[in-house]
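What follows is a single structure, written as structure tokens, with notes after it.
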Amino acid sequence: MSIQKEKEYREIFLAEALENYTEINRLLTALEKSVGDLKVVQALFRLTHTLKGNATGMGYEKIAEMAHVMEDFFGEVRDGRIVLGTDIFTSVFKSADVLGQLIDSIKTQKDVKYRGIKTKLEVLIKAAKQGYSLSQPNGQSQSKSELVKVDPSEENEMDADSGESVVVSFSDLVQVPVKKLDDLLDLVGELVIERDRIIANNMRSHSTNEFSRLNRISSDLQYSVMDVRLVQVGFLFNKFHRIVRDASTKESKHVMLKLEGSETEIDRNILQVISDSLIHLIRNAIGHGIERPEQRKQNGKPEEGTVTLSASSESDTVIIKIKDDGVGIDPQRIKNKAIERGLISLQDAALMTNRDLTMLIFEPGFSTIDEVTAISGRGVGMDVVKKAIDSVGGTVAVDSMIGEGTIFTLTLPSSMAVKSTLLFELGSQTYAIPLSYTESVISIFKSDIHKTGNELITIYLNKTIHIVFLSDLFDPSYDKKAGKYKSFDKLQSKAKLEVVVVSFGGNRIGFIVDKLLQQKEIVEKPLKKPFDSISFLSGVTILGNGNVCLALSIPGVLNALFNSQVNRTINA
Amino acid sequence: MIDSKQNDSQQTGIGNERSTQIVVFKLGQEEYGLHIDQIKEVVITPNITRMPQTSSFMRGVANIRGNVIAILDLENKFGLECSNDHAVSENNFTLVIESDEYKMGILVRDVPNTLSISSASIENAVFTGDNQAGQSYITGIVKLEKRLIIMIDIFKVINDQDVQLFKKQNGLAA
Chain A
198 MSIQKEKEYR EIFLAEALEN YTEINRLLTA LEKSVGDLKV VQALFRLTHT LKGNATGMGY
258 EKIAEMAHVM EDFFGEVRDG RIVLGTDIFT SVFKSADVLG QLIDSIKTQK DVKYRGIKTK
318 LEVLIKAAKQ GYSLSQPNGQ SQSKSELVKV DPSEENEMDA DSGESVVVSF SDLVQVPVKK
378 LDDLLDLVGE LVIERDRIIA NNMRSHSTNE FSRLNRISSD LQYSVMDVRL VQVGFLFNKF
438 HRIVRDASTK ESKHVMLKLE GSETEIDRNI LQVISDSLIH LIRNAIGHGI ERPEQRKQNG
498 KPEEGTVTLS ASSESDTVII KIKDDGVGID PQRIKNKAIE RGLISLQDAA LMTNRDLTML
558 IFEPGFSTID EVTAISGRGV GMDVVKKAID SVGGTVAVDS MIGEGTIFTL TLPSSMAVKS
618 TLLFELGSQT YAIPLSYTES VISIFKSDIH KTGNELITIY LNKTIHIVFL SDLFDPSYDK
678 KAGKYKSFDK LQSKAKLEVV VVSFGGNRIG FIVDKLLQQK EIVEKPLKKP FDSISFLSGV
738 TILGNGNVCL ALSIPGVLNA LFNSQVNRTI NA
Chain B
32 MIDSKQNDSQ QTGIGNERST QIVVFKLGQE EYGLHIDQIK EVVITPNITR MPQTSSFMRG
92 VANIRGNVIA ILDLENKFGL ECSNDHAVSE NNFTLVIESD EYKMGILVRD VPNTLSISSA
152 SIENAVFTGD NQAGQSYITG IVKLEKRLII MIDIFKVIND QDVQLFKKQN GLAA
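Rendered as structure tokens:
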């Protein structure tokens, strides 16, 4: 980790820790007013736990120790073994103060005495564990100080310290709610739309130079705002140490987590959307992938399994890989299971490649593990993983070797805000198709298209391309059987067609559109209710002329086409 | 929604003189009403972009002051379209409705008018013939001399649609 990165991490830890500390103080005050509010105690327990975790991760042992003791303490309070009285509150507040000083000392490098109060809490916890009732109802317990073996000088020093340190500390980072960033981005998006509108209106009357400065500034602004939203994947990755530890303990397996490329940057919202998916994939890798130690030994592998989580960026996409060195995915087992579950027919199964078979794990209701284990779910997970990744415009691929391990590769856009798209016209409406899925744009004649087995295909540069009339697909009265030929048959025999060829998940499809417009970077707005369940679209944007432009979701469209194909073969 | 209903019944309990303002618009030959606080503004219907995968009463989306808003055709939804007067059937105005969850527009032909009525004149219990969920968006009937205004809960109309869309999609996937 470079010094720069380390500094950045420290800043972020500090900001988070300060926030935690403020929250602890607030909750403590609240708790003092309503003693016995278990919700507050639980919140304190969680906060101290988080702080402990973060501090351990950063190597701030003192803070971790202090937070640990406090966590234990609140645990005892929660379980009712410590009854909070006035004098105990004094200690707790003091410990919170010391915690604050410790956090502060990262910046000031000041030496903070914390053992005294820590021991005090430890004694309280120990006593509670032994079953003492520690607090008299009126809060006058006199024996505690005798129990506590504190170096008096240390405690005095600490008191003196806390006296002078009622200084409000400021962090160099500003915490901004994501909502505000979203709003800001929305505004910038509107600005860009407005800019386009003005430029479009004045195209003739002014030279293009007139607006070049406006163009540049607004673009810069847009990219700056996008940049603010980028976070390092490391934030998410670092939280996985704990998940791996917990999961492997539960399954009694030995697993090491290796992180690579933690400094890769990605849009915060994308990271949020995929975080559950990553957790799921990692749990699966441990639950289904990594073998038990004795089995690994037999197979000549090191007893400890490795799960590698790596990230890298490639132009405007981020690639996240989850790799394990476990048993791998057996296509035959998947095949049997899929047939058993009725996901595919016997005939279809024979024709499917291993790769296709492996992709079946993403079908809803699929699970190869017969018994449900503690951590890997009940086959409700992988399809959700795929949906989440599709929803941000990403793709997922699986590579597996039996006995060697499995790699899940997620390809994600690094920013959700701006999409390079190709605009086209269809039925006097404008649509946008993301360039990341667009393979080529070709122009063909009607005679180049052939009817083959209920499908329309064409050959272009030796590649077979399925042809779909988008207008048919979007027509509500679209009948799957008859529909494919309807628009085609209506065409004049010499008609020239514009085709946008897209590919996704190994399927290549050419969409017939009315007219191709220009290439454009759009600021996409997500679909809001009641349209949020439309799978064909990923979002909308407003064009320079004020009309709404629909952005196609290629995964959504292709999944629908592909699924209906599978359905037809099953039903036939 | 539940809150407002409770308020209504409370108001009728306290005194019959409490008045509420409603916005009345014509759908087909019938008059429909919404509570005024559900309506944000009335605008001239902008250019509507159709959306795929939606039922026909979802006319699409439109750009209203920089917001992309769903546009509904309730005449279509309630089966009130009159095909004989094509010239007038332009839906010229859009009622913009806003809640925390939804933002949408309802197409109407004429500028809707507001009406002050006493809460007591809203008949809450309406017998709709069947107790299907599809009917539950009718919250009451207002009888004024010769007029009959059907009060609807617009958000229930949409929730109903959500379910339909969901079912449709599941049907596609199954």
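Quick mapping for you: the protein sequence lines, in order, are chains A and B.
First residue of the first sequence: 198, per my numbering; consecutive thereafter.
First residue of the second sequence: 32, per my numbering; consecutive thereafter.
Note that beta-carbon positions come from the ideal geometry of N, C-alpha and C, so glycine has one too.
Task: Alpha-carbon spacing of D234 of chain A relative to K291 of chain A, whole angstroms - done: When rounded, the distance between both Cα atoms is 20 Å.
- [ ] Flag Q69 of chain B as yes if its beta-carbon sits less than 8 Å from any beta-carbon of chain A, otherwise no.
- [x] no
TODO: Using a cut-off of 9 Å between C-beta atoms, extract the partners of V720 of chain A located in chain B.
DONE: Proximity of chain B to V720 of chain A at the Cβ level (cut-off 9 Å) is not reached, the minimal Cβ distance being about 12 Å.
Task: Close Cβ partners of V55 of chain B (< 8 Å) along its chain, the five nearest in sequence each way excluded - done: For V55 of chain B, where only same-chain residues beyond five positions count, the Cβ hits under 8 Å are E62, Y63, G64, P143, N144, T145, L146, I180.
TODO: Decide yes or no for the touch test of the stretch 500-508 of chain A against the stretch 527-541 of chain A: beta carbon pairs closer than 8 Å, at least 3 of them.
DONE: no
Task: Rounded separation between N704 of chain A and L755 of chain A - CA only - done: If I take the Cα positions, the gap works out to 8 Å.
Task: Proximity to K436 of chain A [Cα-Cα], best of A:S459, A:Y420, A:R426 - done: A:S459
Task: Neighbourhood of D393 of chain A by C-beta, 7 Å cutoff - its chain only, sequence neighbours within 5 removed - done: G741
Task: Best match in A:L388, A:L734, A:I440 for proximity to S588 of chain A [C-alpha to C-alpha] - done: A:L734
Open item on the list: Within 10 Å of its beta-carbon, does E176 of chain B have 16 or more other beta-carbons around it, so buried, or fewer, so exposed?
Closed with: exposed
Open item on the list: Applying the 10 Å Cβ sphere with the 16-neighbour rule, what's the burial state of N398 of chain A?
Closed with: exposed
Task: Residue from A:L747, A:I440, A:K520, A:L370 whose Cα sits closest to the Cα of V99 of chain B - done: A:L747
Open item on the list: Suppose the cutoff is 7 Å on Cβ atoms and the five residues either side in sequence are ignored; what does the same chain contact list for E72 of chain B look like?
Closed with: If we look at E72 of chain B and ignore the five residues flanking it on each side, its Cβ neighbours are V127.
TODO: Have a look at N466 of chain A and K187 of chain B and give me their C-alpha separation to the nearest angstrom.
DONE: 30 Å
- [ ] Grab the span of the beta strand (DSSP E) containing G171 of chain B for me, first residue to last.
- [x] 169-175
- [ ] Using a Cβ cut-off of 8 Å (strictly closer), state whether N217 of chain A contacts chain B.
- [x] no
Open item on the list: Just to confirm, is the Cβ distance from M556 of chain A to V595 of chain A under 8 Å?
Closed with: Taking the C-beta atoms as reference points, V595 of chain A is found nearer than 8 Å to M556 of chain A.
Open item on the list: Please list, in chain order, the chain B residues whose beta carbon lies closer than 7 Å to that of Q716 of chain A.
Closed with: Listed along the chain, the chain B residues whose CB falls inside 7 Å of the CB of Q716 of chain A amount to none; the nearest CB is some 20 Å away.
Task: Members of the stretch 635-659 of chain A that neighbour chain B once the beta carbon cut-off is set at 9 Å - done: If the cut-off is 9 Å between Cβ atoms, the stretch 635-659 of chain A has nothing near chain B.
- [ ] Pull up the distance between the alpha-carbon of S449 of chain A and that of E500 of chain A, whole angstroms please.
- [x] Approximately 12 Å between the Cα atoms of the pair.
- [ ] With a 10 Å radius around its C-beta and 16 neighbouring C-beta atoms as the bar for buried, classify N94 of chain B as buried or exposed.
- [x] buried
Task: the stretch 293-302 of chain A / the stretch 208-218 of chain A touching (three or more Cβ pairs under 8 Å) - done: yes
Task: Extent of the continuous alpha helix (DSSP H) to which T247 of chain A belongs - done: Looking at the DSSP string, the run of the alpha helix (DSSP H) that includes T247 of chain A is 235-255.
TODO: Could you confirm whether any beta carbon from chain A is found closer than 8 Å to the beta carbon of N107 of chain B?
DONE: no
- [ ] Spell out whether any CB of chain B is found under 8 Å from the CB atom of K725 of chain A.
- [x] yes
TODO: Buried or exposed for D34 of chain B, please, with buried defined as at least 16 other CB atoms from any protein chain shown within 10 angstroms of its CB.
DONE: With a pLDDT of 45 at D34 of chain B, under the threshold of 50, the predicted position of this residue should be treated as unreliable, and no value is reported.
Open item on the list: Please classify D669 of chain A as buried or exposed, where buried requires at least 16 neighbouring CB atoms within 10 angstroms.
Closed with: buried
TODO: Using beta-carbon positions only, say whether D527 of chain A and G502 of chain A come within less than 8 Å of one another.
DONE: no
Open item on the list: For A164 of chain B, count the other beta carbons within 10 Å of its own beta carbon; 16 or more makes it buried, fewer makes it exposed. Which is it?
Closed with: Residue placement at A164 of chain B cannot be trusted, given a pLDDT of 48 that sits under 50; what the coordinates show is reported in the next sentence. With fewer than 16 other Cβ atoms within 10 Å, it is exposed.
Open item on the list: With a threshold of 8 Å between beta carbons, is N144 of chain B in contact with chain A?
Closed with: no
Open item on the list: Going by C-alpha to C-alpha distance, which of A:V389, A:V425, A:K315 sits closest to S415 of chain A?
Closed with: A:V389
TODO: Excluding the 5 residues preceding and the 5 following M255 of chain A in the sequence, name in chain order all residues of the same chain whose CB lies nearer than 8 Å to its CB.
DONE: Y206, R207, F210
- [ ] Compare the Cα-Cα distances from G743 of chain A to each of A:K534, A:I395, A:R278 and report the closest residue.
- [x] A:I395
Open item on the list: Using a Cβ-Cβ distance cut-off of 8 Å, determine whether Q419 of chain A contacts chain B.
Closed with: Using a Cβ-Cβ cut-off of 8 Å, Q419 of chain A does not count as an interface residue toward chain B, since no Cβ of chain B sits closer than that to its own.
Task: 8 Å Cβ cutoff, T76 of chain B in contact with chain A - done: no
TODO: State the CB to CB distance for the pair T514 of chain A and T608 of chain A, rounded to an integer number of angstroms; the pair is presumed to be in contact (CB under 8 Å).
DONE: 5 Å
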